[in-house]
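Everything on this sheet refers to the single structure shown next.
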Amino acid sequence: MNAFRPRRLLTTALLAVGLLGSAQADITVGQTAGITGAVAGSVKEVTQGARLYFDAVNAEGGVGGQKITLVSLDDKFDPKLAAANAKTLIDQGVITLFLNRGTPHTQAIMPLLAEHKIPLVAPSTGAMVLHKPVNPWLFNVRATYQREAERAIEHLSLIGINRIALVQVNDSFGEDAVAGALAGLAKTNKQPVAHEKFDRAKPELAPVVAKVLAAQPQAVMFIGSGSAVVEGMKAVRAAGSSAQMVTLSNNASAGFIKDLGDAGHGVIVSQVFPYERSIAKPIIKEAMELARKASTELTPSMVEGYVAAKVLVEGLKRAGPKPTRDSLRKALEGLGRFDLGGIEVGYGPNDHSGMDYVDLAIIDQTGKFRR
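Count the sequence shown with mature numbering (1 follows the signal peptide of the UniProt record, and there is no 0) and you get residues -25 to -1, 1 to 346, in order.
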């Protein structure tokens, strides 16, 4: 009996990697994101949304009989660690990088894409540098931060708010998004009454907010992530200011609302996906049903992850029976306009932007986003 054991073990190993034809290897997808640190809450939700869809696909047999495995590494919201994690995932053989978080983090990863000929699908950032010029290996899903910020400023002007202050993180994300805010102000012949920056690694918002409030703004737009924006908004309310507060979709998570507590009521948060309770859209209805089965409640960040996963799976389905990094890239680039279920995503050789959907939500007294 022992004489047959090595052969049996070898057969099992070959089956596991799909070399005997009776079984196929999983399709492995790699993610690096701030699982811990300043953006942990929203990263958890966006990843949860992606897993909802991957789990549903796997339950139906996967893609071409192959199950999708998502491997997530924690970069602690550190760009250098994000790049190191991405290289680790590439060396482990993932077919694509997926749903990483942060603008400087994505910029740190980008040189690896062409070097290793691997796609990056649905980076969770709306930086314009990821859209123009078109990177042949990078496929955006969400709208740009510039469009979000501009849309929010336009809304404030429409409701009669003229004295608007800007608070931004001092990095590539902050510089990119504030360009949209300044463009929105310029359209209505305005300038910010105050414009302050804070350090991403060591944010100290109290002195920044004190300078801003000295200009007596009617509204303050915070361009930053997670805990830093929470600290700033709480400082505004602690100072007794009733200024309207605004931030971008990177903070559109239930965790962000929870951290804000009482300071969250009335905060405007831009959105880049349809309303998470809009059952008129088939994709939202199906995501809600899967979330209910998983005993959780759908959030805006979960919708982002869900949509991103659906885009990736469609690319995998079109990439052939044995998808490769290059066949996935070609499949996504040839997608054209595709209806995900009430919303469209689109790619082509000269356009990897995906979607341009922007809306606004407000946090109500019950701690929910309302539109």
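Built from N, CA and C at the ideal position, the CB exists for glycine as well.
Since we're looking at a predicted model, the values are computed, not measured.
* Asked: Is the region 33 to 53 in contact with the region 91 to 111, if contact means three or more CB pairs nearer than 8 Å?
  -> By the Cβ rule, the region 33 to 53 does not count as touching the region 91 to 111, because fewer than three pairs are nearer than 8 Å.
* For Met196, the residue or residues it bridges with in DSSP -> Answer is Leu141, Val221.
* Tell me, please, which residues DSSP counts as bridged to Lys172. => According to the DSSP secondary-structure assignment, Lys172 is paired through a beta bridge with Gln143.
* For Gln67, which of Met85, Ala269, Pro79, Thr44 has the nearest alpha-carbon? -> Answer by Cα proximity: Thr44.
* Identify, in the order they occur along the chain, each residue of the same chain with its Cβ nearer than 6 Å to the Cβ of Ala284, setting aside the five sequence neighbours on each side. => Only residues of its own chain outside the window of five on either side were considered, and among them Ala25, Tyr28, Phe29 have a CB closer than 6 Å to the CB of Ala284, listed in chain order.
* Which residue comes first and which comes last in the beta strand (DSSP E) that contains Arg312? -> Unbroken beta strand (DSSP E) run through Arg312: 311 to 314.
* **Residues of its chain near Thr341, where Cβ-Cβ distance is below 6 Å and the 5 sequence neighbours each way are ignored** => None.
* **Extent of the continuous beta strand (DSSP E) run through Thr274** => Segment: none, Thr274 is in no beta strand (DSSP E) and carries neither H nor E.
* Distance, Cα to Cα, Val142 vs Gln219? -> Distance from the CA atom of Val142 to the CA atom of Gln219, rounded to whole angstroms, is 13 Å.
* Asked: Just to confirm, are Arg76 and Val4 a CB contact at a threshold of 8 Å?
  -> Not in contact: Arg76 and Val4 (Cβ atoms no closer than 8 Å).
* CB-CB length for Phe73 against Gln23, believed under 8 Å -> The beta carbons of Phe73 and Gln23 sit about 14 Å from each other, so the pair does not count as a contact at 8 Å.
* Can you list the alpha helix (DSSP H) stretches of 4 or more residues lying completely in the region 233 to 286, in chain order? -> Runs of the alpha helix (DSSP H) lying entirely within the region 233 to 286, each at least 4 residues long, are 257 to 268 in chain order.
* **Of the residues Val205, Leu48, Leu223, Phe344, the one placed nearest Tyr250, counting alpha carbons only** => Out of Val205, Leu48, Leu223, Phe344, Phe344 has the C-alpha closest to the C-alpha of Tyr250.
* **Selected residue, minimal CA-CA separation from Ala227, among Lys256, Thr274, Ala161** => Among Lys256, Thr274, Ala161, the Cα nearest to that of Ala227 is on Thr274.
* Asked: What are the boundary residues of the beta strand (DSSP E) that includes Tyr332?
  -> Taken as a continuous stretch (DSSP letters only), Tyr332 belongs to no beta strand (DSSP E), as it is neither H nor E.
* **Helix, strand or coil at Phe52 [DSSP, three-state]** => Looking at Phe52 - three-state DSSP - the assignment turns out to be coil, as it is neither helix nor strand.
* To do: Under the assumption that Ile84 contacts Ala58 (Cβ atoms under 8 Å), give the Cβ distance between them as a whole number of angstroms.
  => Ile84 to Ala58, Cβ: 6 Å. Contact.
* Sorted by chain position, which residues of the same chain lie with C-beta nearer than 7 Å to Ser132's C-beta, five sequence neighbours on each side aside? -> Correct list, in chain order: Thr163.
* Sorted by chain position, which residues of the same chain lie with C-beta nearer than 8 Å to Ala194's C-beta, five sequence neighbours on each side aside? -> These residues qualify, in order along the chain: Leu131, Ile136, Arg138, Ile139, Ala140, Ala218, Gln219, Met220, Val221.
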